[in-house]
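What follows is a single structure, written as structure tokens, with notes after it.
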Amino acid sequence: DYLRRFDFTISVLQNEEALERVAYELAEDAADEGTRYIEVRNAPILNVVKGLTLVQAVEAPLRGLERAEKDFGITARFIVCALRQFPPENSLELARLAVEFKDDGVVAFDLAGGEKGNPAAKHVEAFRYAREHNLAVTVHAGEGDGAQSVREAVHVLGANRIGHGTRLIEDPDLTQYVNDRRIALEVCLTSNVQTRVADSYATHPLREYFDQGLNVTLNTDNRLMSGTTLTDEYVYAAEHLGLTVEELAGIALNGFESAFLPWEERLMLIEEVSDKIDELIGPEE
-10 DYLRRFDFTI SVLQNEEALE RVAYELAEDA ADEGTRYIEV RNAPILNVVK
40 GLTLVQAVEA PLRGLERAEK DFGITARFIV CALRQFPPEN SLELARLAVE
90 FKDDGVVAFD LAGGEKGNPA AKHVEAFRYA REHNLAVTVH AGEGDGAQSV
140 REAVHVLGAN RIGHGTRLIE DPDLTQYVND RRIALEVCLT SNVQTRVADS
190 YATHPLREYF DQGLNVTLNT DNRLMSGTTL TDEYVYAAEH LGLTVEELAG
240 IALNGFESAF LPWEERLMLI EEVSDKIDEL IGPEE
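Numbering of the sequence shown is given in this note's numbering, commencing with residue -10 and proceeding in unit increments.
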């Protein structure tokens, strides 16, 4: 049911003007919230129903993000998503497209879509192509299926980050492996509660992941569909999971350290944000 909601928005995102506008306005909203860096992801294969080419479906949001950077001072990048339910040939085409734009704002390749019945291994060629061309890789896993889905994302597709990873906790050995290799988890509290992957905010495994030292980050998943903001997600983590301001600051820094940016750019953002944190809550003792 959650994924079906996207049919409404996708139906009006079938031309370049709409794609450029929503990318621009998303970055604007994020900047208004105080966000310094945003990675926007989209599945271009869904935007070509009425005649757009895949190239146009990538170029248009990139233009919107570039304008937003100039207007709002935010750093904005794009992640191209393949979808599990589509044939692997489509994924390989999208991987090639992502690589084509990797010097023009595309920073990673992703696999999204329903996990159940759609194994990630089908798309191994696309992810091999992305990795061989030095493009970062993230994979939605451990949300609609169990820890074995995360295992496949890590060991078969070579994921640098995991989207959600909510059910990773079901496999302690794999959890330790992910932790040891500092593979970032893109945690989305509200989305996980809405899709019933977590029974409630209070029972979400984020607290346990954090206490184990995993490289956790906080994310919105879908601001519109979930009716949330990044600020909301931090508030929920504090209210329901008891994360302190200092702990949340650490999670925020995890996000910058795990960003799909060149190290020099990441370092500049980390230093800027660290200084801001020290200004707001004082340096770590």
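Each residue gets a CB set at the ideal place from its N, CA and C atoms; glycine is no exception.
With contacts defined by Cβ atoms closer than 9 Å, Asn181 and Ala187 form a contacting pair. Under DSSP, Phe98 takes part in a beta bridge, and its partners are Val69, Val126.
Pairing Leu15 with Val37 gives a Cβ-Cβ distance that is not under 9 Å. Note that the stretch 157 to 170 does not touch the stretch 110 to 128; fewer than 3 beta-carbon pairs, one per stretch, sit closer than 8 Å. With contacts defined as CB atoms closer than 9 Å, Glu5 and Gln45 qualify as a contacting pair. Bridge partners of Val29 according to DSSP: Phe67.
Beta-bridge pairing by DSSP links Thr206 to Glu175. Restricting attention to Pro50, Leu72, Leu230, Glu114, the CA atom closest to the CA of Leu195 is found in Leu230.
The three-state reading of DSSP puts Arg150 in strand, counting E and B together. In summary, Leu256 is exposed, with fewer than 16 beta-carbon neighbours lying within 10 Å of its beta-carbon over all protein chains present. Minimum Cα-Cα distance from Leu8 among the listed residues Gly23, Pro33, Arg25, Leu219 corresponds to Pro33. When the Cα atoms are used, Ser0 and Leu269 turn out to be separated by approximately 43 Å. Closest in alpha carbon position to Leu146, among Arg10, Ala109, Asn204, Asn208, is Ala109.
Asp93 sits in coil when the DSSP states are folded into three classes, being neither helix nor strand. Leaving aside the five residues that flank Lys111 on each side, the residues in its chain whose CB is nearer than 7 Å to its CB run, in chain order, Pro77.
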